[in-house]
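Engineer:
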Amino acid sequence: MSLIRWLSVAGRHTRMYLDQRFAPLGINSSQHMYIIKICENPGISQEQFLDLFYLHPSNITRALGGLIKSGFLTKEASPQDKRTYCLYPTQKAYDIYDQILSILDETQKILCSPLSQDEQEQFLEMIQKVALQSVKIL
Numbered sequence: 053m054s055l056i057r058w059l060s061v062a063g064r065h066t067r068m069y070l071d072q073r074f075a076p077l078g079i080n081s082s083q084h085m086y087i088i089k090i091c092e093n094p095g096i097s098q099e100q101f102l103d104l105f106y107l108h109p110s111n112i113t114r115a116l117g118g119l120i121k122s123g124f125l126t127k128e129a130s131p132q133d134k135r136t137y138c139l140y141p142t143q144k145a146y147d148i149y150d151q152i153l154s155i156l157d158e159t160q161k162i163l164c165s166p167l168s169q170d171e172q173e174q175f176l177e178m179i180q181k182v183a184l185q186s187v188k189i190l
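Take a look at the structure:
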């Protein structure tokens, strides 16, 4: 199988697994990263937030809107610039933050269990290089 196919298989099955694990928390595999970043950076502007992910801004805006509607986040006009919005986690987001991190840690351990510690470190280095290269080709 080619690299592309294996990346697709791993990505698809990891998302499905995370969707199952996150469902009791009221989120899915595409929402957890937003909650983590906003809990770690309360008050981050929506513009600053866009720089954290390699996603199209419309996808981020849509995901944030869903999390606001679900009560995980709030969006307020910036005190410095009323044209800019700042993102804040709600207590609902803080309540699941540690669980999200735990699920991600457990999932990484499961996925990497066939690899030695050295292989895991090498794999992470290599997959980061491949991921960053994929960003460059767009």
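Mind the numbering: the sequence shown is residues 53 to 190 in this note's numbering, read in order.
Ideal placement from N, C-alpha and C gives every residue a C-beta, glycine not left out.
Just so you know, these numbers come straight off a predicted model, no measurement behind them.
Out of curiosity, what's the CA-to-CA distance linking residue 111 and residue 82?
Structural biologist: So the two alpha carbons sit approximately 10 angstroms from each other.
Engineer: In the DSSP assignment, the beta strand (DSSP E) including residue 106 goes from what residue to what residue?
Structural biologist: No beta strand (DSSP E) holds residue 106; DSSP gives it neither H nor E.
Engineer: Going by alpha carbons, who is nearest to residue 66 out of 158, 116 and 129?
Structural biologist: Comparing Cα-Cα distances from residue 66 to each of 158, 116 and 129, the minimum goes to 158.
Engineer: Residue 175 and residue 167: beta carbons closer than 8 angstroms?
Structural biologist: The answer is yes: Cβ separation under 8 angstroms.
Engineer: Across the stretch 79–94 and the stretch 147–164, are there enough close Cβ pairs to call them in contact, namely three or more that are closer than 8 angstroms?
Structural biologist: As far as the Cβ criterion goes, the stretch 79–94 touches the stretch 147–164, which means the pair count is three or higher.
Engineer: Which of the three DSSP states, helix, strand or coil, is assigned to residue 125?
Structural biologist: Three-state result, residue 125: strand.
Engineer: Do you know how far the Cα of residue 79 is from the Cα of residue 138?
Structural biologist: For residue 138 and residue 79, the distance between alpha carbons rounds to 21 angstroms.
Engineer: Output the boundary residues of the beta strand (DSSP E) element that contains residue 139.
Structural biologist: Residue 139 -> beta strand (DSSP E) spans 137–141.
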